[in-house]
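Undergrad: Before we start, here is the structure in question, set down as structure tokens.
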Amino acid sequence: MLALALALLLTTVAYFLVTTLVDLYPFNNVRDAKRSEQVVEILVNAPVMTLPAALLVAAAATSLPALGYIAGALELLIALGGLMLWWMPYLIGVTAPWATAGNGVSWSQLHARTYAHTLTVLPPIGDRPRPNLEHMILHTLILAAAVCTFAAAASL
12 MLALALALLL
22 TTVAYFLVTT
32 LVDLYPFNNV
42 RDAKRSEQVV
52 EILVNAPVMT
62 LPAALLVAAA
72 ATSLPALGYI
82 AGALELLIAL
92 GGLMLWWMPY
102 LIGVTAPWAT
112 AGNGVSWSQL
122 HARTYAHTLT
132 VLPPIGDRPR
142 PNLEHMILHT
152 LILAAAVCTF
162 AAAASL
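FYI, the numbering for the sequence shown is 12 to 167, going by the numbering used here.
Listed below in structure tokens is the structure:
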């Protein structure tokens, strides 16, 4: 279970980096993201997303399952942040206050410019921004990594 959890954690980070930096249109829309937005997204999120893997490795190396549980909890917090950012606006029409911190635009404006023309499988709800397939996959990876991280911690 440890190997699976680590593989999922690291795959999630790699997936995030690729989809943030590499133009895979229409899967993502990196070409319409500002370079400054990409840099901030990487600098803020990549270290946080990598920390659960480091904690899980430390848990295994030291036989301290508590570190693994902390890794799982952190991965769940990452999932919660993603779900709040993407699913609250879609399902209930409420935008997380930090959704576009420092960008000077609303989530709807940012979404319209960078995500609205990407692959989306969910039906529209009024004019609310919809999670695209790219982020649905990311959220699935994060949640799967969290579950496997807890299972790995329990097996230490």
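Where is the CB? At the ideal position from N, CA and C, for every residue including glycine. Keep in mind the model is a prediction, meaning the values are calculated, not measured.
Cβ atoms of ALA70 and ALA84: under 8 Å apart, would you say?
TA: no
Undergrad: Sort THR73, ALA156, VAL105 by Cα distance to PHE20 and report the nearest one.
TA: Strictly speaking, residue 20 in this sequence is Leu, with Phe absent from that position. Comparing Cα positions, the closest option is ALA156.
Undergrad: Starting from TYR36, trace the alpha helix (DSSP H) both ways and give me its first and last residue.
TA: Segment: none, TYR36 is in no alpha helix (DSSP H) and carries neither H nor E.
Undergrad: Following the continuous alpha helix (DSSP H) through LEU144, name the residue where it begins and the one where it ends.
TA: 144–165
Undergrad: If you compare alpha carbons, which of LEU94, GLY113, ASN114 is closest to VAL105?
TA: LEU94
Undergrad: Classify PRO108: buried if its beta carbon has 16 or more other beta carbons within 10 angstroms, exposed otherwise.
TA: exposed
Undergrad: Helix or strand or just coil, what does DSSP make of LEU21?
TA: In the three-state reduction of the DSSP assignment, LEU21 falls in the helix class.
Undergrad: DSSP on LEU67, reduced to helix/strand/coil?
TA: helix
Undergrad: Between the region 29–46 and the region 118–138, do at least 3 Cβ pairs fall closer than 8 Å?
TA: yes
Undergrad: What are the boundary residues of the alpha helix (DSSP H) that includes GLY104?
TA: Note, GLY104: premise wrong, no alpha helix (DSSP H); not H, not E.
Undergrad: Should VAL33 be labelled buried (16 or more other beta-carbon atoms within 10 Å of its own) or exposed?
TA: exposed
Undergrad: Starting from ARG124, follow the alpha helix (DSSP H) in both directions and report where the run begins and ends.
TA: 118–125
Undergrad: Give every residue of the same chain whose Cβ lies closer than 8 Å to the Cβ of ILE53, excluding the five residues on either side of it in the sequence, and list them in chain order.
TA: Taken in chain order, the residues that qualify are LEU28, THR31, LEU32.
Undergrad: Evaluate ILE136 with the Cβ neighbour count: other Cβ atoms within 10 Å of its Cβ, from every protein chain shown; 16 or more gives buried, anything less gives exposed.
TA: exposed
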